[in-house]
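Okay, so here's the structure we're looking at.
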Amino acid sequence: MKTPPPILIHTRDPQLRQRLLAIAHSGAEPYLSETREDLENACSRLAPAILLLDLRLGEPAHALPDFLRRYPNLAVIALGDPRSIPAQIAESCGVYALESLDTDRRHLANLLSRALDFLQMRMENERLKSEAQRSRPAAESRASRDEETLSLRHLARALNHLGDINAMFDRIVEGIASATKVVRAGIFVQRQPGEPYRLAAALRCTGEVAKLSYPATDAFVLWMDRHAHLVARSTLEAIADHADRALLQRNLDAQTAEIIAPLHARGRMIGWILIGHRATGLPFQYADLEAISSAVGHISTALENAILYEEVTRQKSLAETLIHSLPTGIVAADEQGVIRWFSTAAQTLLALAPERAVGQSIEVLGSRLADMVRRTIEGELFEFPQAWTDPLTRRAMYVQTRRLGDATKCLGAVAIIQDITAQRALQEKQEQLERAAFWNELAASMSHEIRNPLVAIKTFAQLLPERYNDADFRTEFSQLVSAEVDRLNGIIDQINDFAHPPELKYCAFDIRQPLRRSVENVLPSERRNGTHLSVKLDDNLPPVWGDERAITDCFAHLLRNSLEALPAHGKGQIELIATRPQSANHDKGVAITVRDNGKGIPPDIREKIFSPFCTTKARGMGLGLSIVKRTVVDHNGRVEITSNDHGTAVTVTLPAAGLGEHS
Numbered sequence: 014m015k016t017p018p019p020i021l022i023h024t025r026d027p028q029l030r031q032r033l034l035a036i037a038h039s040g041a042e043p044y045l046s047e048t049r050e051d052l053e054n055a056c057s058r059l060a061p062a063i064l065l066l067d068l069r070l071g072e073p074a075h076a077l078p079d080f081l082r083r084y085p086n087l088a089v090i091a092l093g094d095p096r097s098i099p100a101q102i103a104e105s106c107g108v109y110a111l112e113s114l115d116t117d118r119r120h121l122a123n124l125l126s127r128a129l130d131f132l133q134m135r136m137e138n139e140r141l142k143s144e145a146q147r148s149r150p151a152a153e154s155r156a157s158r159d160e161e162t163l164s165l166r167h168l169a170r171a172l173n174h175l176g177d178i179n180a181m182f183d184r185i186v187e188g189i190a191s192a193t194k195v196v197r198a199g200i201f202v203q204r205q206p207g208e209p210y211r212l213a214a215a216l217r218c219t220g221e222v223a224k225l226s227y228p229a230t231d232a233f234v235l236w237m238d239r240h241a242h243l244v245a246r247s248t249l250e251a252i253a254d255h256a257d258r259a260l261l262q263r264n265l266d267a268q269t270a271e272i273i274a275p276l277h278a279r280g281r282m283i284g285w286i287l288i289g290h291r292a293t294g295l296p297f298q299y300a301d302l303e304a305i306s307s308a309v310g311h312i313s314t315a316l317e318n319a320i321l322y323e324e325v326t327r328q329k330s331l332a333e334t335l336i337h338s339l340p341t342g343i344v345a346a347d348e349q350g351v352i353r354w355f356s357t358a359a360q361t362l363l364a365l366a367p368e369r370a371v372g373q374s375i376e377v378l379g380s381r382l383a384d385m386v387r388r389t390i391e392g393e394l395f396e397f398p399q400a401w402t403d404p405l406t407r408r409a410m411y412v413q414t415r416r417l418g419d420a421t422k423c424l425g426a427v428a429i430i431q432d433i434t435a436q437r438a439l440q441e442k443q444e445q446l447e448r449a450a451f452w453n454e455l456a457a458s459m460s461h462e463i464r465n466p467l468v469a470i471k472t473f474a475q476l477l478p479e480r481y482n483d484a485d486f487r488t489e490f491s492q493l494v495s496a497e498v499d500r501l502n503g504i505i506d507q508i509n510d511f512a513h514p515p516e517l518k519y520c521a522f523d524i525r526q527p528l529r530r531s532v533e534n535v536l537p538s539e540r541r542n543g544t545h546l547s548v549k550l551d552d553n554l555p556p557v558w559g560d561e562r563a564i565t566d567c568f569a570h571l572l573r574n575s576l577e578a579l580p581a582h583g584k585g586q587i588e589l590i591a592t593r594p595q596s597a598n599h600d601k602g603v604a605i606t607v608r609d610n611g612k613g614i615p616p617d618i619r620e621k622i623f624s625p626f627c628t629t630k631a632r633g634m635g636l637g638l639s640i641v642k643r644t645v646v647d648h649n650g651r652v653e654i655t656s657n658d659h660g661t662a663v664t665v666t667l668p669a670a671g672l673g674e675h676s
């Protein structure tokens, strides 16, 4: 048995070294090297050999071509980022294969096996060629070499169409036909996993062959995928199983082929090449089959790179189309603050042509945006969008920035720009309408509230000349005027307090104290008139952070609303309950509920119950619930109302001291 060629592993990455050692089981122990000197010594002693080369070692770019020229008997499998400069140089030097570092183990093992076969075949071809040259005239030998060089050059041209995989299929078929001097050739391909295998390119194949379609579950496909070697009509007798031999015979006949060679890429069989009769009519020899197998290995590697390139190109095109179609402007800069991406929407929003932006410093977009991007690159986090009006375009914009990369390495930053000019104009118009509605409601409410006391005062004033001598009338007149004036003052004070609320003075306090004061202010025992009041205040309530006076007024408004909503038959009930919240998301605070058995809130005003001047009562300004809402929001709490025909419940949840404190 022939000794397989040695395997050299050149890397400083211990994890990659272990991966490569796990698949390099050709017999002899692989030779490991980390320095250029060790590798040179190994190559001078061991070549021809397989070299698994890590492209990340940081050697000069010009070193690899010179190295490969001095050691032509190496089959080099280069490992690295296919987009990197070392990878591009390696590919241009004609290495056996170029693979990414994350290539799966099965594919890498298959590739190494093919490389070993290729190197053995090349060594055998060199031996046979040397013997043939010694036995044939020099002129014939030279013509043979020229012809072989021409055929291999045709095949090499076929493998350079990375950007157009369909053109690559055509060139592969032409190159195979030229190299093997056959009358027909073709290539069957499965474009996507799950699709059937169909003829993708052909040279003088019959129409019947063009109609063939092989599903992934076809017995022939499964056999080729499982055995992963070429099938030749001249070697069918070597297939021991009669059923397998008959299966292969049928498919060779159906495809009018002498040889069928499988193509593997990305861990799966993507298709196969069919090769017809030689133009000379002579059969294929064993050396021919080895040469075809080697060529198919090169083609598989090239197709794998082409498929990957096609996927990357498709994804890049899709991403570019998507980003350019978004109405949101996107600007990306690298870690040096140089613009690398500038979307179509950004061109419109910033009034800047892409050729004036891409490749330029971020400062061309204006100092404010540049400052945000620079600070983001340095690691500063902007939690909320920044809003401003661009001085050039007069557009109102929201800008968000995000750092690209991770905690250890920054790749740059991206700015996301939204045009909010229309939204801001709509918001301003809405605010104008709301202000107009507010003043209209205020005027209507005040005119209603003020007219009642004024009518009473006017009525008594008109009667005063006639009944001036009536002492009881004068007393009643004095009391009424005084009460109605106080009522007018109360209306003015209520509006003034609503428009200019007093400054809140925060401190930690026991919520039970303001709740008891609210009860005494609204429902003292002597004025309950049959109303049943139930007060349940838990003893283990946490202290609340807020303004005691504001909280007292807040719950006084709620109690007053409940009292006014009670039925007139004297069976009114009001409950005031303070407990810890039951929700798991709000277990560190206090929940206060005011519940009554009144007539409830009409459905048509439930959505605007917190709006100023919204009321169903004959008297009152309708500011109570608005004040309640504002007070709860000022204390970082929340308020919820449930109402039906049987009553209303208002629940106010306030955070405990330490959770809702204002800075």
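First residue of the sequence shown: 14, per our numbering; consecutive thereafter. Where a beta carbon is used, it is the ideal one built from N, C-alpha and C, also for glycine.
Item                                                                                                                                                                                           : Value
Run through DSSP, which three-state label would Val663 get?                                                                                                                                    : strand
Do the segment 29-36 and the segment 116-128 meet, that is, are 3 or more Cβ pairs less than 8 Å apart?                                                                                        : yes
Which partner residues of Met410 appear in the DSSP bridge assignment?                                                                                                                         : Trp401 and Asp432
Just the C-alpha distance for Tyr44 and Asp26, rounded to the nearest angstrom, thanks.                                                                                                        : 15 Å
What separation, rounded to the nearest whole angstrom, lies between the Cα atoms of Ser226 and Pro209?                                                                                        : 6 Å
Can you say whether Ile505 is buried or exposed, counting buried as having 16 or more other CB atoms within 10 angstroms of its CB?                                                            : exposed
What residue from Tyr519, Gly350 and Ala359 has the CA that sits closest to Gly342's CA?                                                                                                       : Ala359
Would DSSP call Ala156 helix, strand or coil?                                                                                                                                                  : Confidence at Ala156 is low in this model, with a pLDDT of 42, below 50, so the placement of that residue should be treated as unreliable; the coordinate-derived value is given next. Reduced to three states, the DSSP call for Ala156 is helix.
Buried or exposed for Leu163, going by 16 or more other Cβ atoms inside 10 Å?                                                                                                                  : Model confidence at Leu163 stands at a pLDDT of 36, short of 50, so the residue's coordinates are unreliable; what they give is reported in the following sentence. That one is exposed.
Who are Lys442's beta bridge partners in DSSP?                                                                                                                                                 : Its beta-bridge partners do not exist; DSSP assigns none.
Determine the closest residue to Ile564 out of Lys642, Pro537 and Val494, with distance taken between C-alpha atoms.                                                                           : Lys642
Along the chain, where does the beta strand (DSSP E) containing Glu653 start, and where does it finish?                                                                                        : Arg651 to Asn657
I'd like to check one pair, Val196 with Ala308: are the Cβ atoms closer than 9 Å?                                                                                                              : no
Assuming Pro18 and Ile63 make a contact with CB atoms under 8 Å, what is their CB distance in whole Å?                                                                                         : 6 Å
Check whether the segment 417-424 and the segment 433-441 touch, using three or more Cβ-Cβ pairs below 8 Å as the test.                                                                        : no
Helix or strand or just coil, what does DSSP make of Val603?                                                                                                                                   : strand
Between Met282 and Ser97, what straight-line distance do the alpha-carbon atoms span, to the nearest angstrom?                                                                                 : 27 Å
Helix, strand or coil for Thr472, going by three-state DSSP, please let me know.                                                                                                               : helix
Per DSSP, which residues does Ser313 bridge with? Please list them.                                                                                                                            : Answer by DSSP bridge pairing: none, since Ser313 is not bridged.
Which residue comes first and which comes last in the beta strand (DSSP E) that contains Ser46?                                                                                                : Tyr44 to Ser46
Could you work out which residue in Leu29, Lys471 and Leu417 is closest to Arg353 when comparing CA atoms only?                                                                                : Leu417
Using the Cα positions of Val12 and Arg573, report the straight-line distance between them to the nearest angstrom.                                                                            : The structure shown does not extend to residue 12, since the chain spans only 14 to 676, so no value can be given for it.
Out of Val412, Thr402 and Thr406, point me to the one whose CA is closest to Leu394's CA.                                                                                                      : Val412
Starting from the C-beta of Thr644, find all residues in its chain whose C-beta is less than 6 Å away, skip the five residues before and the five after it, and write them out in chain order. : Ala563 and Cys567
Drop a sphere of 10 angstroms on the beta-carbon of Asp468, count the other beta-carbons inside from all chains shown, and report buried for 16 or more, exposed for fewer.                    : The sequence shown places Val at residue 468, rather than the Asp named in the question. Flag for Val468 reads exposed.
To the nearest angstrom, report how far apart Leu68 and Leu29 are at their CA atoms.                                                                                                           : 12 Å
Buried or exposed: which applies to Ala256, given that a residue is buried once 16 or more other Cβ atoms fall within 10 Å of its Cβ?                                                          : exposed
Express the C-alpha separation of Asp499 and Phe486 in angstroms, rounding to a whole number.                                                                                                  : 20 Å
If you run the structure through DSSP and keep just helix, strand and coil, what is Ile622?                                                                                                    : coil
Taking C-beta to C-beta, are Thr414 and Leu363 nearer than 9 Å?                                                                                                                                : no
Within 10 angstroms of the Cβ of Ala37, are there 16 or more other Cβ atoms? Answer buried if so, exposed if not.                                                                              : buried
Assuming Val351 and Ser380 form a contact by the criterion Cβ under 8 Å, report the distance between their Cβ atoms to the nearest whole angstrom.                                             : Not really, about 17 Å apart at Cβ, beyond 8 Å.
Could you pull the DSSP bridge partners for Ala62 from this structure?                                                                                                                         : Leu87
Following the continuous beta strand (DSSP E) through Asp560, name the residue where it begins and the one where it ends.                                                                      : First-last for Asp560: undefined, no H or E at that position.
Just verifying my parser: in three-state terms, what is the DSSP assignment at Phe395?                                                                                                         : coil
If you follow the alpha helix (DSSP H) that Ser191 is in, where does it begin and where does it stop?                                                                                          : Ile178 to Thr193
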